[in-house]
Structures are given as C-alpha cells and as structure tokens.
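Worksheet for the structure shown next.
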Amino acid sequence: MAKSTSSGRTQRMLRVGEQVRAALVQVLQRGEVRDALIESTVISISEVRMSTDLKVATAYVTPLGVADHAGIVEALNRHAKFLRGRLSPHLRQMKYMPEVRFEDDTSFDNYKKIDDLLRSPDVARDLGPSDDEAEDR
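In the numbering used here, each residue's number is its place in the sequence shown (first place is 1) plus 231.
Structure representation (structure tokens):
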C-alpha cells in the first residue's frame, strides 16, 4: 500500500490525540501533579496534536484566570515525564507511550481579535444597514 503524500492529519492521529487529551484531563482533574502552581490553576486542554509516528503529543493548554500563561506551561513541561507515566494506564492500546509537550493555546486570543475587529465602528460603517433594517424603514 502506498503512503499518503498529504500533510493533513489522519483519522488515527485525530483519534489518538483525543484519547491523550481525555487522559490528560483526568490526570489533572485528580490533582496527581504535586505542584502548587498547577494545583491552584484551572487548566483547559483544547487540543492534542499527535506527530505522524504517534510518538510526540503536543497539548495546547489555556490556564483560566491567570495572566502568566508561560509559568503554567513551563510547570507542565517540567512535569511532562511524570504525566507521561500517569497516562500509561489510560492508553494501554498504544505500542509506544507518546512524549508529552505543552504549549500555550493562543487560538482564543485570535478569536477575540477577530471579534473585536468585526465589532469595530469602521467595519460596521462599511457593512451598512442590513436588508432587514432597510425594509423596516
């Protein structure tokens, strides 16, 4: 069978990424990581992207209610080996346990910038009144 030349993510990569995300959420919810910074912060894991060989998992995290995201991401990366060991009971079906890396998820910031841009007076002026508003007049 020929290998796919597309650079897109496969169904298997997506499925394994979601399994790793669910397992990370369970481990963090139980408070198994003994770090005051991690224990006192609510951490949202929005996505886990797997490498093509499924040996590296990059988790995109957003610490909620904390201004310093870099400190939380650094703390999670310090405990990555411990977390990898705690994931093994949840991911028994995998041949290799993936190395876990954490990165700050900036997608929410991007969504906010787009929303602010769409709500700006200049864009509202350019769009003008909608057809429904014009009929009401």
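All C-beta atoms, glycine included, are put in the ideal place defined by N, C-alpha and C. This one's a predicted model, so the numbers in the text were calculated from it and none came from an experiment.
Assigned secondary structure, residue i (DSSP; H/G/I helix, E/B strand, else coil)
i	result
Glu330	strand
Glu278	strand
Pro294	strand
Val256	helix
Val304	helix
Asp346	helix
Asp335	strand
Val264	coil
Beta-carbon separation (whole angstroms), residue i vs residue j, contact threshold 8 Å
i	j	result
Leu304	Glu330	Looking at the sequence shown, residue 304 is not Leu but Val. Contact flag wrong, Cβ pair sits at about 16 Å.
Val258	Leu314	6 Å
Asp266	Ala306	5 Å
Endpoints, the alpha helix (DSSP H) within which residue i is located
i	result
Arg240	Segment: none, Arg240 is in no alpha helix (DSSP H) and carries neither H nor E.
Gly316	311 to 318
Leu358	352 to 358
- Query: Would the region 345 to 352 and the region 295 to 313 be scored as touching if the rule is three or more Cβ pairs under 8 Å?
  - Reply: no
- Task: Assess, as a yes-or-no matter, whether the region 315 to 323 is touched by the region 270 to 286 under the definition of 3 or more beta carbon pairs within less than 8 Å.
- Result: no
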